[in-house]
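Add 871 to the 1-based position in the sequence shown for this note's numbering, that's all there is to it.
Even for Gly, the Cβ is constructed at its ideal location relative to N, Cα and C.
Just so it is clear, the structure is predicted and the values come from calculations on it, not from any experiment.
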Amino acid sequence: MNDIDSDLASLSIQGEEEEELAIQVVDPRQGVSFAHCFIGSFLTTSVVNFMSMRTTLANVWNPVGGISVLNLGEKRFLFRLFHKIDIE
872 MNDIDSDLAS LSIQGEEEEE LAIQVVDPRQ GVSFAHCFIG SFLTTSVVNF MSMRTTLANV
932 WNPVGGISVL NLGEKRFLFR LFHKIDIE
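What follows is the structure, encoded as structure tokens:
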């Protein structure tokens with residue numbers, strides 16, 4: 872354990888490389904965009920476990936840009952994909 876402490880104490884960060892991060896600014900006056908969104912429902916009489924459903928669908932679809940799932944109630948869900956290739 873002492874070796875790890877001494878190794879960590881000797882670490883240093885050298886910030887010689889700079890990386891730019893592009894951030895898209897969205898005007899809040901434009902409203903909400905529903906591009907790349909769709910609504911789905913589950914035809915079952917049992918309760919849908921939201922967390923399990925979201926995790927399973929994300930693992931199966933494996934979207935490039937990620938996925939957001941919003942529970943609309945009555946077993947309806949809004950799925951938002953963040954990259955246009957995922958919707959195809």
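The criterion of a C-beta distance shorter than 8 Å is satisfied by Asn942 and Phe921. With a minimum length of 4 residues, the unbroken runs of alpha helix (DSSP H) contained wholly in the region 897-936 fall at 921-932. Around the Cβ of Arg947, a 10 Å sphere holds fewer than 16 other Cβ atoms; the residue is exposed. Of Ile938, Ser877, Leu952, the smallest CA-CA separation from Thr926 is found for Ile938.
Beta-bridge pairing by DSSP links Phe950 to Phe909, Val940. Contact check for Gly911 against Phe953 fails: the beta carbons are separated by 8 Å or more. Judged by beta-carbon spacing, Asp957 lies within the 8 Å limit of Gly936, meaning their Cβ atoms are closer than that value.
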